[in-house]
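Here is the structure we will look at, set down as structure tokens.
Number of protein chains: 2
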Amino acid sequence: MALHALETPAVVIDGAVLERNLARAAEIARRASVALRPHVKTHKSLMIAARQIAGGAVGLTTAKCSEALVFIENGFSDVLVAYPLTDPRKLARLTGAARRTGARLRLIADSEAGVTALGDAATEAGMKLEVMVKVDVGLHRCGVDPGGPRALALARRIETHPALVFAGLLSHAGHAYGLDGPDAVRAVAEAERQTMVTLAERLRAAGVAVPVVSVGSTPTVWLAERFDGLTEIRPGNSVFMDLTQVSLGVARRADIALSVLASVVSVNDRFAIVDAGSKTLSSDKGPHGSDRLAGYGLACRLDRPGEDLPVAGLSEEHGFIAHGGQPFVVGERVRIWPNHACPVVNLARSIVFLGPDGQTEPRPVDAAACVA
Amino acid sequence: MALHALETPAVVIDGAVLERNLARAAEIARRASVALRPHVKTHKSLMIAARQIAGGAVGLTTAKCSEALVFIENGFSDVLVAYPLTDPRKLARLTGAARRTGARLRLIADSEAGVTALGDAATEAGMKLEVMVKVDVGLHRCGVDPGGPRALALARRIETHPALVFAGLLSHAGHAYGLDGPDAVRAVAEAERQTMVTLAERLRAAGVAVPVVSVGSTPTVWLAERFDGLTEIRPGNSVFMDLTQVSLGVARRADIALSVLASVVSVNDRFAIVDAGSKTLSSDKGPHGSDRLAGYGLACRLDRPGEDLPVAGLSEEHGFIAHGGQPFVVGERVRIWPNHACPVVNLARSIVFLGPDGQTEPRPVDAAACVA
Chain U
65 MALHALETPA
75 VVIDGAVLER
85 NLARAAEIAR
95 RASVALRPHV
105 KTHKSLMIAA
115 RQIAGGAVGL
125 TTAKCSEALV
135 FIENGFSDVL
145 VAYPLTDPRK
155 LARLTGAARR
165 TGARLRLIAD
175 SEAGVTALGD
185 AATEAGMKLE
195 VMVKVDVGLH
205 RCGVDPGGPR
215 ALALARRIET
225 HPALVFAGLL
235 SHAGHAYGLD
245 GPDAVRAVAE
255 AERQTMVTLA
265 ERLRAAGVAV
275 PVVSVGSTPT
285 VWLAERFDGL
295 TEIRPGNSVF
305 MDLTQVSLGV
315 ARRADIALSV
325 LASVVSVNDR
335 FAIVDAGSKT
345 LSSDKGPHGS
355 DRLAGYGLAC
365 RLDRPGEDLP
375 VAGLSEEHGF
385 IAHGGQPFVV
395 GERVRIWPNH
405 ACPVVNLARS
415 IVFLGPDGQT
425 EPRPVDAAAC
435 VA
Chain Y
65 MALHALETPA
75 VVIDGAVLER
85 NLARAAEIAR
95 RASVALRPHV
105 KTHKSLMIAA
115 RQIAGGAVGL
125 TTAKCSEALV
135 FIENGFSDVL
145 VAYPLTDPRK
155 LARLTGAARR
165 TGARLRLIAD
175 SEAGVTALGD
185 AATEAGMKLE
195 VMVKVDVGLH
205 RCGVDPGGPR
215 ALALARRIET
225 HPALVFAGLL
235 SHAGHAYGLD
245 GPDAVRAVAE
255 AERQTMVTLA
265 ERLRAAGVAV
275 PVVSVGSTPT
285 VWLAERFDGL
295 TEIRPGNSVF
305 MDLTQVSLGV
315 ARRADIALSV
325 LASVVSVNDR
335 FAIVDAGSKT
345 LSSDKGPHGS
355 DRLAGYGLAC
365 RLDRPGEDLP
375 VAGLSEEHGF
385 IAHGGQPFVV
395 GERVRIWPNH
405 ACPVVNLARS
415 IVFLGPDGQT
425 EPRPVDAAAC
435 VA
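Protein chains in written order, with my numbering: chain U, 65 to 436; chain Y, 65 to 436.
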């Protein structure tokens with residue numbers, strides 16, 4: 065079906081742009097000699113995950129138990145849950161799936177309670193669990209202070225637990241999303257690298273083996289100049305990119321693979337009202353609850369890709385496109401480039417791939433129903 | 065299962081508060097002698113909709129085609145889609161479901177193109193469709209100018225179409241959500257009433273029967289002092305209420321039926337990090353894309369209901385609760401009162417009812433998969 069004939073709202077993925085973004089991630093990893101473990105929370109798609117593995121990714125990163133289960137149970141054999149899980153029921157589901165499928169499962173912890181919960185789950189399952197220590201490199205969300213004693217204490221606690229294996233250190237420099245441009249992002253990426261490498265060396269000097277030193281975030285991975293001492297990168301958003309990445313200087317508009325197709329349902333003197341609101345685009349003005357961007361996206365007609373009309377407001381089912389006097393008619397289609405791609409996919413049940421011939425192919429958001 | 069034993073994040077509905085809110089809506093309608101047609105986009109629940117009908121509601125209001133289909137196909141016999149639909153495929157699904165089930169279906173239009181699409185769909189289905197004209201009473205989203213000639217022109221166009229029936233006028237004073245307090249909301253409600261009644265009289269004077277004059281929005285319906293001349297109210301959010309309604313002076317904290325149960329997953333010097341982020345709470349700071357509220361909700365420990373710690377930030381899977389020096393431990397449960405209840409349910413797959421005995425019962429969000 066051609067783009068203009070789709071029912072709306074629809075989340076559209078430009079296949080050629082997606083391929084370029086996938087190739088770029090693989091190329092960054094190859095040139096840096098690090099493993100690529102993309103974060104699938106952005107796309108939640110078995111098909112895209114399979115493309116990532118085919119392109120050289122060593123495994124996947126997931127954000128929660130239910131998401132990890134979808135990928136493990138669909139044949140992905142190496143999955144990291146980059147979230148400090150402690151609920152024994154979730155952990156039992158994960159160890160059960162890993163045992164059944166033979167998948168390699170890696171988890172993280174940043175507290176004694178977390179290590180204890182993982183140790184109990186591994187013991188209960190009669191298996192060894194790989195555990196990384198999460199390090200706070202500046203977002204001040206989860207993670208141990210890299211300058212303090214807890215990283216070593218937790219690593220030792222993991223190392224000496226009969227059912228756990230210490231797999232290394234992991235960080236996410238999400239504070240890069242609050243910065244002013246590419247130079248500042250580059251500086252954060254380098255600070256993160258130095259912090260992580262220094263901490264890994266400190267642990268090694270204390271006799272702890274640190275096989276993996278893993279960093280994440282699309283901005284820092286995309287713009288970093290040095291990767292030495294790191295062993296793994298975990299970009300997520302980069303498969304699709306969005307206006308946040310453009311505002312940071314990480315991507316160009318032409319690098320954004322994800323847009324929302326919407327229909328004009330009403331026109332008034334200031335706005336073309338479209339059928340994509342906060343239940344399609346989310347209310348995000350930027351990641352991590354930031355107010356980085358002014359509106360809720362940029363819109364254009366199908367035949368005017370450079371139009372860039374601001375989505376000035378959102379109700380749940382309505383977007384307010386400030387038309388600036390440009391005529392719009394009811395039924396007309398527009399494309400909207402969202403501020404943040406990840407929550408858009410999270411709100412969808414299918415994504416539509418747009419091929420070079422202008423034809424579209426719908427695919428499920430396989431991990432759409434994953435809440436906990 | 066007791067509240068503290070639930071897996072998190074979980075959307076929890078306090079059953080007693082829900083019942084009070086349902087009864088209050090019915091009471092408002094009864095005292096005003098207007099029909100109650102609650103908007104189900106807030107709860108998306110067949111069970112709650114059935115409670116509303118049992119309490120005297122004449123039918124349901126829905127926000128989109130897919131949502132309406134869930135309720136029609138599950139036996140609800142009178143459904144309004146309060147959205148200007150024009151896609152013939154969506155309209156064919158709705159007329160098909162209405163024919164199959166015998167349900168009464170009511171739609172809206174605010175443009176000639178809209179009326180034409182509805183007329184074509186009704187003709188195609190070989191049935192009569194009831195159509196209301198949407199009136200803009202100040203939100204400047206959809207709707208005709210109540211002072212202009214278009215309401216009468218559209219009503220006549222509907223009235224004279226062989227397959228359409230003009231059912232009346234409909235408005236939504238969503239701009240009430242941008243106001244400063246209950247007096248301002250009351251004034252908007254009264255202005256809406258006068259606008260709608262005046263327009264209905266103008267149409268009647270021109271020879272057009274206007275059977276239904278329908279107004280919506282929880283704030284205006286809850287606080288309005290006069291309903292004369294109106295025939296129908298469509299509150300939605302009032303089943304659950306939220307911090308937005310509290311900030312408007314529409315509800316008290318004790319009227320909020322919906323909260324999110326979350327677990328502390330990490331603690332740092334400023335924040336208790338919990339497993340409810342923007343993919344659970346949404347990033348809404350208020351309806352219609354407003355920045356009405358400062359943070360992303362208020363949180364408390366299960367045993368300290370008055371604690372009110374601000375949810376200062378959100379990542380996709382993390383909430384940042386500013387603990388202000390209060391000790392939190394990993395694994396501890398908190399309840400979060402969200403800014404806006406509607407998108408929270410939209411992100412969930414189940415809601416958990418909390419009974420007076422402290423026990424919980426999970427129920428599906430029946431219209432959870434409804435996107436278009």
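Beta carbons: idealized from backbone N, C-alpha and C, even for Gly.
Quick caveat: nothing in here was measured; it's all calculated off a predicted structure.
So K128 (chain U) packs on E71 (chain Y), CB below 8 Å; how close in whole Å? Their Cβ separation, rounded to whole angstroms, is 11 Å, which puts K128 (chain U) and E71 (chain Y) out of contact at 8 Å.
Meets three-Cβ-pair contact criterion under 8 Å: the stretch 303-316 of chain Y and the stretch 268-278 of chain Y: no
Below 8 Å on the Cβ atoms is my guess for V75 (chain Y) versus V416 (chain Y); work out the distance and round it to an integer in Å. 7 Å
Under 9 Å, Cβ to Cβ, is there at least one residue of chain Y near A358 (chain U)? no
Would S342 (chain Y) pass as an interface residue toward chain U - the criterion being a Cβ-Cβ separation below 9 Å? Cβ-Cβ to chain U under 9 Å: yes for S342 (chain Y).
Would you kindly report the start and end of the unbroken alpha helix (DSSP H) that includes M260 (chain Y)? P246 to A269
Indicate the three-state DSSP secondary structure (helix, strand or coil) for I400 (chain U) in the structure shown. strand
Counted within 10 angstroms of its Cβ, other Cβ atoms place E462 (chain U) as buried (16 or more) or exposed: With chain U covering only 65 through 436, there is no way to say anything about residue 462 (chain U).
Just verifying my parser: in three-state terms, what is the DSSP assignment at V285 (chain U)? helix
Under 9 Å by beta carbon: chain Y residues contacting T72 (chain U): Those are D151 and A436, listed as they occur along chain Y.
Quick one: Cα of G383 (chain Y) to Cα of V195 (chain Y), how far? Approximately 44 Å, taken between the alpha carbons.
Reduced DSSP category for Q390 (chain U) - H, G, I as helix; E, B as strand; rest coil: coil
What do you reckon, are the CB atoms on A113 (chain U) and V122 (chain U) nearer than 9 Å? no
Which ranges would you report for the alpha helix (DSSP H) in the stretch 318-384 of chain U if only whole runs of at least 4 residues count? Counting whole runs of 4 or more residues, the stretch 318-384 of chain U contains the alpha helix (DSSP H) stretches 342-345.
Here's the rule I'm using: 16 or more other beta-carbon atoms within 10 Å means buried, otherwise exposed. How should M260 (chain Y) be labelled? When all chains shown are included, M260 (chain Y) counts as buried.
Contact with chain Y by E425 (chain U), beta-carbon distance below 9 Å: no
Whether or not the stretch 377-397 of chain Y and the stretch 164-179 of chain U are in contact is what I'm after, with contact meaning three or more pairs of Cβ atoms, one per stretch, closer than 8 Å; do they touch? In short, these stretches touch, since the Cβ pair count reaches three.
For F291 (chain U), which three-state DSSP category applies? coil
Could you tell me if Q116 (chain U) is buried or exposed, where buried requires 16 or more neighbouring beta carbons within 10 angstroms of its beta carbon? buried
Out of curiosity, what's the CA-to-CA distance linking A264 (chain U) and P102 (chain U)? 22 Å
In angstroms with no decimal places, state the Cα-to-Cα distance between H320 (chain Y) and A118 (chain Y). With the sequence shown as reference, residue 320 (chain Y) is identified as Ile, and His is not the correct amino acid for it. For I320 (chain Y) and A118 (chain Y), the distance between alpha carbons rounds to 22 Å.
What first and last residue would you give for the beta strand (DSSP E) that runs through K198 (chain Y)? L193 to V199
Would V213 (chain U) count as contacting chain Y if we go by Cβ distances under 9 Å? Reading off the sequence, residue 213 (chain U) comes out as Pro, not Val. P213 (chain U) does not count as touching chain Y.
Counting pairs of Cβ atoms below 8 Å between the stretch 358-375 of chain U and the stretch 420-427 of chain U, do you hit three or more? no
Are the beta-carbon atoms of S109 (chain Y) and R427 (chain Y) separated by less than 9 Å? yes
Which chain U residues are close to G388 (chain Y), counting only those with a beta carbon under 9 Å from its beta carbon? By Cβ distance, chain U contributes nothing, its closest Cβ being about 15 Å from G388 (chain Y), past 9 Å.
In angstroms, rounded to a whole number, what distance separates the CA positions of L193 (chain U) and L149 (chain U)? Here the alpha carbon of L193 (chain U) sits roughly 13 Å from the alpha carbon of L149 (chain U).
Closest to V429 (chain Y) by CA distance: which of Y:R413, Y:A436 and Y:I92 is it? Y:R413
Using a Cβ cut-off of 9 Å (strictly closer), state whether S373 (chain U) contacts chain Y. The amino acid at residue 373 (chain U) is misidentified as Ser; the sequence shows Leu. No, because no Cβ of chain Y sits closer than 9 Å to the Cβ of L373 (chain U).
For S323 (chain Y), tell me which candidate among Y:N403, Y:E371, Y:L287 and Y:G300 has the shortest Cα-Cα distance. Nearest C-alpha to S323 (chain Y): Y:N403.
Tell me, please, which residues DSSP counts as bridged to I77 (chain Y). Y:L322 and Y:F417
Inter-residue Cα distance where the pair is A405 (chain Y) and L234 (chain Y): 24 Å
Listed by chain order, chain U residues near E380 (chain Y) by CB distance under 8 Å: K105, A127, P351, C406, P407 and N410
Element boundaries [beta strand (DSSP E), containing R298 (chain U)]: Start and end: E296 to R298.
Decide if R250 (chain Y) is buried, meaning its Cβ has at least 16 other Cβ atoms within 10 Å, or exposed. buried
Could one say the Cβ of S235 (chain Y) lies closer than 9 Å to chain U's Cβ atoms, at least one of them? no
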